[in-house]
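*Asks:*
Protein chains: 2
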Amino acid sequence: MKTVNGKMRELGEKRSVIREIFEYAKVRSAEIGAENVFDFSIGNPSVPAPDCVNEAIERIVRETPSVLLHGYTSAQGDGNVRKTVAEYIRRNFGVPLTADNLYMTCGAAASLTISMHAVASAGEEIITFAPYFTEYKVFAEGAGCTLKVLPSDGKLLPDFSALERAISARTRAVLINSPNNPSGVVYGEDVLRRLAAILEAKQREYGKDIYLIADEPYRELVYDDNMVVPYAMCYYANTLVCYSWSKSLSIPGERIGYIAVNPAMENHQAVYAAVCGAGRSLGYVCAPALLQRVVAACIGMTSDISVYKANRDLFYDALVSYGYEVIHPDGAFYLFVKALEEDASAFCERAKKYELLLVPGDDFGVKGYVRIAYCVAPETIRRALPAFEKLAKEYREGKE
Amino acid sequence: MKTVNGKMRELGEKRSVIREIFEYAKVRSAEIGAENVFDFSIGNPSVPAPDCVNEAIERIVRETPSVLLHGYTSAQGDGNVRKTVAEYIRRNFGVPLTADNLYMTCGAAASLTISMHAVASAGEEIITFAPYFTEYKVFAEGAGCTLKVLPSDGKLLPDFSALERAISARTRAVLINSPNNPSGVVYGEDVLRRLAAILEAKQREYGKDIYLIADEPYRELVYDDNMVVPYAMCYYANTLVCYSWSKSLSIPGERIGYIAVNPAMENHQAVYAAVCGAGRSLGYVCAPALLQRVVAACIGMTSDISVYKANRDLFYDALVSYGYEVIHPDGAFYLFVKALEEDASAFCERAKKYELLLVPGDDFGVKGYVRIAYCVAPETIRRALPAFEKLAKEYREGKE
Numbered sequence: 190m191k192t193v194n195g196k197m198r199e200l201g202e203k204r205s206v207i208r209e210i211f212e213y214a215k216v217r218s219a220e221i222g223a224e225n226v227f228d229f230s231i232g233n234p235s236v237p238a239p240d241c242v243n244e245a246i247e248r249i250v251r252e253t254p255s256v257l258l259h260g261y262t263s264a265q266g267d268g269n270v271r272k273t274v275a276e277y278i279r280r281n282f283g284v285p286l287t288a289d290n291l292y293m294t295c296g297a298a299a300s301l302t303i304s305m306h307a308v309a310s311a312g313e314e315i316i317t318f319a320p321y322f323t324e325y326k327v328f329a330e331g332a333g334c335t336l337k338v339l340p341s342d343g344k345l346l347p348d349f350s351a352l353e354r355a356i357s358a359r360t361r362a363v364l365i366n367s368p369n370n371p372s373g374v375v376y377g378e379d380v381l382r383r384l385a386a387i388l389e390a391k392q393r394e395y396g397k398d399i400y401l402i403a404d405e406p407y408r409e410l411v412y413d414d415n416m417v418v419p420y421a422m423c424y425y426a427n428t429l430v431c432y433s434w435s436k437s438l439s440i441p442g443e444r445i446g447y448i449a450v451n452p453a454m455e456n457h458q459a460v461y462a463a464v465c466g467a468g469r470s471l472g473y474v475c476a477p478a479l480l481q482r483v484v485a486a487c488i489g490m491t492s493d494i495s496v497y498k499a500n501r502d503l504f505y506d507a508l509v510s511y512g513y514e515v516i517h518p519d520g521a522f523y524l525f526v527k528a529l530e531e532d533a534s535a536f537c538e539r540a541k542k543y544e545l546l547l548v549p550g551d552d553f554g555v556k557g558y559v560r561i562a563y564c565v566a567p568e569t570i571r572r573a574l575p576a577f578e579k580l581a582k583e584y585r586e587g588k589e
Numbered sequence: 190m191k192t193v194n195g196k197m198r199e200l201g202e203k204r205s206v207i208r209e210i211f212e213y214a215k216v217r218s219a220e221i222g223a224e225n226v227f228d229f230s231i232g233n234p235s236v237p238a239p240d241c242v243n244e245a246i247e248r249i250v251r252e253t254p255s256v257l258l259h260g261y262t263s264a265q266g267d268g269n270v271r272k273t274v275a276e277y278i279r280r281n282f283g284v285p286l287t288a289d290n291l292y293m294t295c296g297a298a299a300s301l302t303i304s305m306h307a308v309a310s311a312g313e314e315i316i317t318f319a320p321y322f323t324e325y326k327v328f329a330e331g332a333g334c335t336l337k338v339l340p341s342d343g344k345l346l347p348d349f350s351a352l353e354r355a356i357s358a359r360t361r362a363v364l365i366n367s368p369n370n371p372s373g374v375v376y377g378e379d380v381l382r383r384l385a386a387i388l389e390a391k392q393r394e395y396g397k398d399i400y401l402i403a404d405e406p407y408r409e410l411v412y413d414d415n416m417v418v419p420y421a422m423c424y425y426a427n428t429l430v431c432y433s434w435s436k437s438l439s440i441p442g443e444r445i446g447y448i449a450v451n452p453a454m455e456n457h458q459a460v461y462a463a464v465c466g467a468g469r470s471l472g473y474v475c476a477p478a479l480l481q482r483v484v485a486a487c488i489g490m491t492s493d494i495s496v497y498k499a500n501r502d503l504f505y506d507a508l509v510s511y512g513y514e515v516i517h518p519d520g521a522f523y524l525f526v527k528a529l530e531e532d533a534s535a536f537c538e539r540a541k542k543y544e545l546l547l548v549p550g551d552d553f554g555v556k557g558y559v560r561i562a563y564c565v566a567p568e569t570i571r572r573a574l575p576a577f578e579k580l581a582k583e584y585r586e587g588k589e
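Going line by line, the protein sequences match chains A and B.
To convert a position in the first sequence, counted from 1, into our numbering, add 189.
To convert a position in the second sequence, counted from 1, into our numbering, add 189.
1. I believe B:Leu479 touches B:Leu258 by the beta-carbon criterion, under 8 Å. Please report the beta-carbon distance rounded to the nearest angstrom.
2. Against chain B, with Cβ distances strictly below 8 Å, would A:His517 count as a contact?
3. Please go through the same chain and pick out, in chain order, the residues whose beta-carbon is closer than 8 Å to the beta-carbon of A:Pro340, but skip the five residues on each side of it.
4. Using C-beta distances below 8 Å, list every residue in its chain close to A:Lys344, excluding the 5 sequence neighbours before and after it, in chain order.
5. Judging by CA-CA distance, which residue of A:Tyr376, A:Cys334, A:Val327, A:Ile316 is the nearest neighbour of A:Arg354?
6. Which residues of chain A have a Cβ atom closer than 7 Å to the Cβ of B:Asn269, listed in chain order?
7. Please go through the same chain and pick out, in chain order, the residues whose beta-carbon is closer than 8 Å to the beta-carbon of B:Val250, but skip the five residues on each side of it.
8. Identify whether A:Phe494 lies in helix, strand or coil by the three-state DSSP scheme.
9. B:Phe227 bridges to which residues according to DSSP?
10. The beta strand (DSSP E) that contains B:Cys431, what's its start and end?
11. Just checking my contact of A:Phe522 with A:Pro371 at CB under 8 Å: how many whole Å lie between their CB atoms?
12. Roughly how many angstroms lie between the CA atoms of A:Cys475 and B:Met416, to the nearest whole one?
13. Within the 8 Å Cβ cut-off, does A:Ser255 reach chain B?
14. Roughly how many angstroms separate the alpha carbons of B:Arg383 and B:Ala485, rounded to a whole number?
15. Establish whether the CB of A:Asn243 and some CB of chain B are separated by less than 8 Å.
16. Mind pulling the chain A residues with CB within less than 7 Å of B:Asp398?
17. Within its chain, find whatever has a CB closer than 6 Å to the CB of B:Gly593; leave out the 5 residues flanking it on each side and keep chain order.
18. Measure the alpha-carbon distance for A:Pro234 versus B:Gly312 and round it to whole angstroms.
19. Using a Cβ cut-off of 9 Å, pull out every chain A residue sitting near B:Arg301, in sequence order please.
20. Using the C-alpha atoms, what's the distance from A:Val509 back to A:Lys579?
21. When you check each C-beta in the segment 198 to 212 of chain B against every C-beta of chain A, which residues fall closer than 7 Å?
22. Can you tell me the Cβ-Cβ gap for A:Gly448 and A:Cys431, rounded? I've got them flagged as a contact below 8 Å.
23. Smallest Cα separation from B:Ala421: which of B:Ile440, B:Ser205, B:Met197, B:Ile365?
24. Looking at the strands, I want to know which residues DSSP matches up with A:Ala449.
25. Judging by CA-CA distance, which residue of B:Met454, B:Ala540, B:Tyr505, B:Pro549 is the nearest neighbour of B:Glu583?
26. Once DSSP output is grouped into helix, strand and coil, what is the label at B:Thr569?
27. Can you find at least 3 beta carbon pairs, one from the segment 487 to 499 of chain A and one from the segment 527 to 540 of chain A, that sit closer than 8 Å?
28. Whose C-beta lies closer than 7 Å to the C-beta of A:Asp493 among residues of the same chain, with five residues either side of it excluded?
29. If you follow the beta strand (DSSP E) that B:Ala314 is in, where does it begin and where does it stop?
30. Sorted by chain position, which residues of the same chain lie with C-beta nearer than 7 Å to A:Val411's C-beta, five sequence neighbours on each side aside?
31. Check the C-beta distance from A:Ala297 over to A:Ser435 and give it rounded, since I have them as a contact under 8 Å.
32. Taking only three categories from DSSP, how would you classify B:Lys579?
33. Return the chain-ordered ranges of every beta strand (DSSP E) run that is complete within the segment 339 to 380 of chain B and spans a minimum of 3 residues.
34. Contact defined as beta carbons within less than 8 Å: I believe A:Gly557 pairs with A:Lys527. What is the distance between those atoms, to the nearest angstrom?
35. Flag B:Tyr325 as yes if its beta-carbon sits less than 8 Å from any beta-carbon of chain A, otherwise no.
36. Given a cut-off of 8 Å on the beta-carbon distance, is the pair A:Ala426 and A:Ala462 in contact?
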């Protein structure tokens, strides 16, 4: 007889491919030295938090009375913090967002699970595009929904005709992630306009609300001058933005983010109430109080993104010169590279001989690609490049 | 047509009675001055965090490299933190717990939702005893379960024969809370032994695991010399302990706690895996990294509990001397007082005339009682006592 929830046990026991590689890296490092293992598996920021983070922590701790500082904030987040963040969003993206449209969360994963539980009911469907962050499936299923994964085009932008065919009366939300993990692709204005037009037409066709959930932890990690990732709310009324400061401030362990409910949404008050209710139901009493105040104090700041840009340029240019096909990443800190044989897992195994640890793209919903996380020391990339060159040569020679 | 998840919307819109009173207190304070409103509604620690908390924050921030400090910990919590906490539990309660039996959480609510999702499946039943913390129902229903509330005896200890009758093939867990919110009652060893005996017999009868979930945020808030709240694991193998540092360290806003899975449990590895899976499914990536290290640095420390003890003694003795019937609280920071008329809500309305803000016990599953939170400044109690005396007199004279 079943002694625990079998689905939860399976989720706890089945290590993700990334975690498997991570464990392998530890073992291999012990054998041959960490400096000889090139681990590109983990999307953990390699750049320290900007000084303002620790300065804010120390100042807030010194200046705020303990009972206020460490006490409960309201469930949706401290009022002043929400005001500061809303003001920032208003100023930067031109949407009339107020504190009452913002709900502070314990990071992007919480933003997503809360949003899904809030808008969707059991049996409904959430649509996303491949490649996609693997945990989306876990989160959607946790909310009793199905995650339907649609293909992307050759540039890894959404396949719009697939979207038109896929939306049904069961569809409750479309989930996008730009800049994208694992591809680094950024959706431009044109993509958001087409998405919005399709969703609006389908809402009318089915007479139901279909939400756009924009997962944006990599928003600030873009590398072309003056590039601003379009803010999904500006294009589609029924939008929820899920944000996290994990990557922009290099504080992924601190678990702090937000959900912004578009005030242009007809039902924005009902959706916001459902967000509060879902947070309550999942056990999120409030986002960590000290960190709420810290991100407000650091609003608009980021870690030194130029390190990632330099890594991208170095890595992308070198791989292309060795003959690899690489999706050009405008943001995030991943390269999505075509494997040199059909089976990406077999390719990753062969790369291991050169101590290159890559993640096969199959888990992200795209076969034949690998993900390379370049949030590492630039030195690691420089020292790994000859191995990538040899690997490409081996495939070329093997073919001949 | 339904535009959001109706259940979640309702949870977000329906204010709790406590929140209603809190809002009333704000309005009333503006009218007559905060010093003239006696708000006993909220269970928010009134004693500052011990110095070690802010000292640990400042030291850890200064001494730990940023990428390590603010980076992801493993999902179950930082290894060294779990080792420190496990060692403390081992030393204090004599159970052979290791880091591998501990899962760090974002506070008690997260500990509870994760534990329920881990052990129970949709359609199963979780049993608790009145009076109980109102959010239990929300959490159990979020896990697809029913919360079955059983009566307590006159001393607000479990009604064991009701328990024997209530357990069925659908029962997956029994949830206890000692020291209790709202009654302040502490379960002694005898209570835990009888609970364990019944659960063991019922496990055999139904051939299934029935878990004891011990919700213990008030563990250290006990006021009799040398009193140690019995550790449920010592009495029953299938026990999960849900803990939070919110009350012991006065840091409820920081969201940090743990789930301890009894290593004496036959299926402890499966249960632990299910806990990890449930945390993942609900969007808890890891507990806040800085705070994990802070509670480990402050292990065994508490806020100045003597303030609560003095409050209890002052308040309890005075109310009893005015003729109130009060459940003697051995722990937590609540008095559970018999209302002076049958309808506790009507009694609370009458108390309002004296600016006394109390919470009717109905929401906690016990009619005819009110909860008084005494985590307030001693001065507030002293100044409120004459009002309690007048209120009692009014009822006495009304009766005559």
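Glycine included, C-beta positions come from ideal geometry on N, C-alpha and C.
*Replies:* The short version:
1. 7 Å
2. no
3. Phe318, Ala319, Asp348, Ala351
4. Val374, Ile516
5. A:Ile316
6. Neighbours of B:Asn269 on chain A: none; closest Cβ ~14 Å, over 7 Å.
7. Leu258, Leu479
8. The residue you asked about is not Phe; residue 494 of chain A is Ile in the sequence shown. A:Ile494: coil per DSSP, three-state reduction.
9. B:Leu545
10. 428 to 433
11. Incorrect: roughly 10 Å between the Cβ atoms, too far for contact.
12. 32 Å
13. yes
14. 34 Å
15. yes
16. Thr192
17. No information on residue 593 of chain B is available, as it lies outside the stretch 190 to 589 that chain B covers here.
18. 42 Å
19. This sequence places Leu at residue 301 of chain B; Arg is not what is there. Residues of chain A passing the Cβ test: Gly472.
20. 14 Å
21. Arg198, Glu199, Leu200, Gly201, Glu202
22. Note on identity: in this sequence residue 448 of chain A is Ile, with Gly being the wrong assignment. Between A:Cys431 and A:Ile448 the Cβ distance is about 6 Å, and since that is below 8 Å, they are a contact.
23. B:Ile365
24. A:Leu291, A:Val430
25. B:Ala540
26. helix
27. no
28. Val236
29. Per the sequence presented here, residue 314 of chain B reads as Glu, with Ala not at that position. Where B:Glu314 is concerned, the enclosing beta strand (DSSP E) stretches over 314 to 318.
30. Pro368, Val375, Val418, Asp519, Gly520
31. 6 Å
32. helix
33. 360 to 366
34. 6 Å
35. no
36. no
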